[in-house]
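2 protein chains.
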Amino acid sequence: MQDSGKLNLILQERKTVDIDPDPLTRKIFLGLPEPGLTDNRADVDRVRQELIKILSDRVNIDLDIMRKIPRTVRESGWRATAVAGWFSWGWKLVDLQEGDTTARHFGLAVDIGTTTVVAYLVDMATGRVTDVRAGYNGQIKYGEDILSRIFSARDNEGLMQLRGAVTDTLNGLILGLAERNGLAAEEITAVSVGANTTMVHLFLGLDPRNICVAPYIPAVNSPGIIEAGHLGLMVNRKAPVYIFPGVGSYLGGDVVAGILASGMHRRDELALLVDIGTNGEIVMGNSQWMAGCAGAAGPALEGGVAACGMRAEPGAIYKVKIDRETGQAEYHTIGEGPPVGICGSGLVDSIAELFLAGMIDRSGRFRGGKNSFVLVPAGRSGTGKDIAVSQADINNFMRTKGAVNAALEHLLESVGCGLADIERFYAAGAFGHHLDIESAVTLGLYPDLPRDRMVKIGNSSGEGARIALMSRQCIREAEDIARNITYFELNASQEFMNRFVSSKFIPHTNLDYFPTVKRRMAERGILKE
Amino acid sequence: MQDSGKLNLILQERKTVDIDPDPLTRKIFLGLPEPGLTDNRADVDRVRQELIKILSDRVNIDLDIMRKIPRTVRESGWRATAVAGWFSWGWKLVDLQEGDTTARHFGLAVDIGTTTVVAYLVDMATGRVTDVRAGYNGQIKYGEDILSRIFSARDNEGLMQLRGAVTDTLNGLILGLAERNGLAAEEITAVSVGANTTMVHLFLGLDPRNICVAPYIPAVNSPGIIEAGHLGLMVNRKAPVYIFPGVGSYLGGDVVAGILASGMHRRDELALLVDIGTNGEIVMGNSQWMAGCAGAAGPALEGGVAACGMRAEPGAIYKVKIDRETGQAEYHTIGEGPPVGICGSGLVDSIAELFLAGMIDRSGRFRGGKNSFVLVPAGRSGTGKDIAVSQADINNFMRTKGAVNAALEHLLESVGCGLADIERFYAAGAFGHHLDIESAVTLGLYPDLPRDRMVKIGNSSGEGARIALMSRQCIREAEDIARNITYFELNASQEFMNRFVSSKFIPHTNLDYFPTVKRRMAERGILKE
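The listed protein sequences correspond, in order, to chains A and B.
Mind the numbering: the first sequence is residues -12 to 516 in the numbering used here, read in order.
Mind the numbering: the second sequence is residues -12 to 516 in the numbering used here, read in order.
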């Protein structure tokens, strides 16, 4: 498992919401008055009363923590640090530690994708991401897409295997982060998770079968805050784990986390957020209203699906230019080392460049009987093999793009808006970090809006998760967002299917929707076809 | 293990507090709207929203219950019964059952004594006790009294043995009640427990070591409500288990439960409550103030300590008259079968009668060199052996009585009251049910008050536990009672020791405190000594 130091930056480059620190867990140093005949309060009650004074709120203390309190307060000379975790209904004492440990306070922000799981280690004292690790979701061996995962989880044994697989992946990341940063995994005392609805079900061990059959009803949309031990996570077992709420079967908590990170729910301007992962999820709205839908984009742009695909890790080609005259590709890799594969943004760049070079036509087919394009010949690649974009890769991408296009059109029409009304466009998703917006617009993946309205917000699901760790107010906002989004279920829509079919052209059947692309095509002389 | 049908009556004979039913768990039938494309709420959220409507309060749903909801609501055709349990911070979904199961709703009121554990099966639909079982506390093999139990629990292994012993005892009673009443133990979905502070510690697995060393600080006084599964109880594992709060190391939740049952905290009249078990606990006060203390009475009156002692079970001698002329004893047994031993009230009757017959002197010593009195000769007993009261039994009793006397005097003086101020006297404790008040006054165990002010309230700890099952308001009252009692720690008092020594006379060193006894002694001609 590898990860790029640059991934870290994803959560640093653009802060779109301001938050007042009010974290999911608090560490509170207690200098307790010693008991005596005139103050004979019991140990647990003494600790609880001190905490209530500070938190101005009820604090629950589980039996196992009660059991350790008498020894902890006495051995520390009545100086101990309480870790209080928020569980929606109130605070719970997660741990009581000897002495003053307030300086060491760690949380974990998690983005569980169908393909990739990313875990950010957050210093809860500052709110900063101090490290990040990513890995392929261990469920991949049970099926690459959502539907085959749901099928694999059709009985309890399968469900538990899938649950175990993603938990193992996450625990691997946790232990890796702990080791690399010199902390015990138990020192992580807060977790928040953004994930799509199916991933949430499989992570929680909830039967996902009703997600994929009409009327597409999840077992739960708002799981709330759950103890880490109940999820098998190797952090502090009483740590609160906030699971972002979903809106429906195909508009999940990852998107809600993204909305939270974008801050669009707080502003009056009409915003459009597009998050392209395994699904293409689209949300429009502002502080007054919000509506969303999702089209099954497929994992074309996630690492490991295209023949030479990989995650955005060192060695991944993420930026491509193709010389129209020579047909030679110029590329950059993450870390600038030898190329070993192509990540999502590299694939989008490649296909856009192939199109603008006239090497593929508007339906995405290679011209002249070819069925692949070699970006890096074997002799220069880090793998000793050609790194190429194949016709199959392009076909996959065309389905993704078609689904995103169709969903966007459906949503615009449903809410009675046009593209011109959009005041802000947020390009979300881990893959969006390196993505070249021009390439995405060229291919019709993103709408052709004034570029100063378009903002890349990177792995906004992970950023939303980080924000939730640091602000209970933002958790409440996330719950409100999920509750208030009007959700259009596209699975049930024949109209959507028609749109999907008709949008499988580059950039779109109707070129007038993409004026800047039309202009560029004219410049390149590929408009006439 | 035997139990008397009459024990049942203990909770029926006198209701001293009125309660509005507002039970610890509620069973709520839900006719859920079926989901569709226009109502695509997730299953768990659908159930939760219905419950919130009914309870007007937040409802937490644990992961394991979330997991069973999709199947339960579908297999029942969206008609299911929610069991909602109260956990101080809010409601939790304890179970979701197919169809309408509201008619079957069971709770368990428990009194854990140092010697005896009593479990009352409560029909939560009516609030009535439908059955009762009692058994010796399985911890007895680790020590008969509180101090030796605490010593046995000095390391974690010992603590866990003692915890396991009382849990086993209680589970035996639970399974017995379930079997005898044709229900599954899991159908018991609420439990409340009255117990002394040490018993609470051992039941919860909390280190009791600081209870018996100055400044006598328990690990916890208010454990609150705990999930049954965390306690190893074989009822529904998510059932709320309310543990009555204690006031201090020697004034425990059993007494608070007794106060609740007496209702003295709601009235303006000045009341005195005396609960004699292993400790003699004494509380005075009214709706305005309350004060209490405890003297280590020893288990003299609990079954199994006196040589021929036993619990108040069939065959126990509970009522005794001794003919002064013939020296013959006339007795009654519980169930009126052949006598097999003497229960606490029988022992008090016997000693009082021995005293009034002039067979023991004011210091409790047998006259004429005897060292026992045979109540039932071997030939007529159910055991084939003599049933007798020995000098050792009397000496044990004298310590108990001395402790109770001294504690009462200490308390009266501390709060600046005299016996004449007492408007109501509550004789509490399981053993008090059969106790003859005249005998208790004769021996100085109870004060010599006008008899119309004296009320036996039986096993008030069990009755308090029953009330807590049926009323969350009463749980709040219990917490208030515990918080507001001024506690006098007698272990720290030299004055108490002096009083203890000087009160080891029948009925008291100062006969003028006991005018009716003095009169009767005069009638019997035993006053001059």
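All residues carry an ideal CB built from backbone N, CA and C; glycine is no exception.
- Proximity of the segment 467 to 477 of chain A to the segment 269 to 280 of chain A meets the contact definition, three or more beta-carbon pairs being nearer than 8 Å.
- In the three-state DSSP reduction, B:Gln84 falls in the strand class (E or B).
- Counting C-beta atoms within 10 angstroms of its own C-beta, B:Arg506 has fewer than 16 neighbours from the protein chains shown and is therefore classed as exposed.
- The Cβ of A:Ile204 sits closer than 8 Å to at least one Cβ of chain B.
- A Cβ-Cβ separation of about 6 Å places B:Val504 in contact with B:Asp435 under the 8 Å criterion.
- Contact of B:Gly77 with chain A is assigned, a C-beta pair being separated by under 8 Å.
- As computed with DSSP, B:His319 is found in a beta bridge with B:Lys306.
- Residue-level contact check: A:Arg54 touches chain B, since one or more beta carbons of chain B fall below 8 Å from its beta carbon.
- Among the bridge pairs identified by DSSP, B:Leu259 is matched with B:Met271, B:Phe412.
- Residues of the segment 212 to 234 of chain A with a C-beta atom less than 7 Å from some C-beta of chain B are Ile213, His217, listed in chain order.
- Burial is judged here by how many other beta carbons sit within 10 angstroms of a residue's own beta carbon; B:Gln126 has at least 16 and is buried.
- A:Met277: member of the beta strand (DSSP E) spanning 277 to 282, first to last residue.
- Look at A:Gly23: its C-beta is under 8 Å from a C-beta on chain B.
- B:Gly451 carries a helical assignment under DSSP once its states are collapsed to helix, strand and coil.
- Taking CB atoms only, A:Ala165 has no neighbour in chain B less than 8 Å away.
- In the DSSP annotation of this structure, the continuous segment of the beta strand (DSSP E) that includes A:Val178 starts and ends at 175 to 182.
- In this chain, A:Val442 is not harboured by any alpha helix (DSSP H); it is covered by the beta strand (DSSP E) spanning 441 to 445.
- The beta carbons of B:Asn273 and B:Arg254 sit about 6 Å from each other, so the pair counts as a contact at 8 Å.
- Of all alpha-carbon atoms in B:Phe360, B:Lys14, B:Ser135, the one lying nearest the alpha-carbon of B:Ala67 is that of B:Lys14.
- A check of alpha carbon separations from A:Met147 across B:Arg54, B:Leu17, B:Ala281 identifies B:Arg54 as the nearest.
- With its beta carbon less than 8 Å from one in chain A, B:Glu476 belongs to the interface.
- In the structure shown, A:Leu24 falls within a coil segment according to DSSP collapsed to helix, strand and coil.
- Of the residues A:Ile381, A:Ala96, A:Thr370, A:Val178, the one whose Cα lies closest to the Cα of A:Leu288 is A:Ile381.
- Collapsing the DSSP output to three states places A:Val187 in a helix.
- Of all residues in the segment 38 to 66 of chain A, the ones placed with a Cβ closer than 9 Å to any Cβ belonging to chain B are Arg45, Asn47, Ile48, Asp49, Leu50, Asp51, Met53, Arg54, Ile56, Pro57, Arg58, Arg61, in chain order.
- With respect to A:Ile6, A:Cys461 sits close: the two C-beta atoms are nearer than 8 Å.
- Taking 7 Å as the cut-off between beta carbons, the residues of the segment 169 to 198 of chain B near chain A are Leu191, Gly192, Leu193, Asp194, Asn197, in sequence order.
- Residues of chain A with a Cβ closer than 8 Å to the Cβ of B:Asp30 are, in chain order, Asn197, Ile204, Pro205, Ala206, Val207.
- Taking one beta carbon from each stretch, the segment 248 to 266 of chain B and the segment 409 to 427 of chain B have 3 or more pairs nearer than 8 Å; the two touch.
- Put simply, of B:Arg354, B:Leu160, B:Cys295, B:Thr370 the residue whose alpha carbon is nearest the alpha carbon of B:Gly324 is B:Thr370.
- The segment 159 to 175 of chain A and the segment 204 to 212 of chain A do not touch, with fewer than three beta-carbon pairs separated by less than 8 Å.
- Against chain A, the CB of B:Ala479 has a partner CB under 8 Å away; the residue lies at that interface.
- From the listed residues A:Met111, A:Glu85, A:Tyr107, A:Asp82, the smallest Cα separation to A:Arg91 is found for A:Met111.
- Beta-bridge partners assigned by DSSP to A:Tyr123: A:Thr103.
- Think of a sphere of 9 Å around the beta carbon of B:Pro502: no beta carbon from chain A falls inside it, the nearest being about 36 Å out.
- Not a single C-beta of chain A is nearer than 8 Å to the C-beta of B:Asn382.
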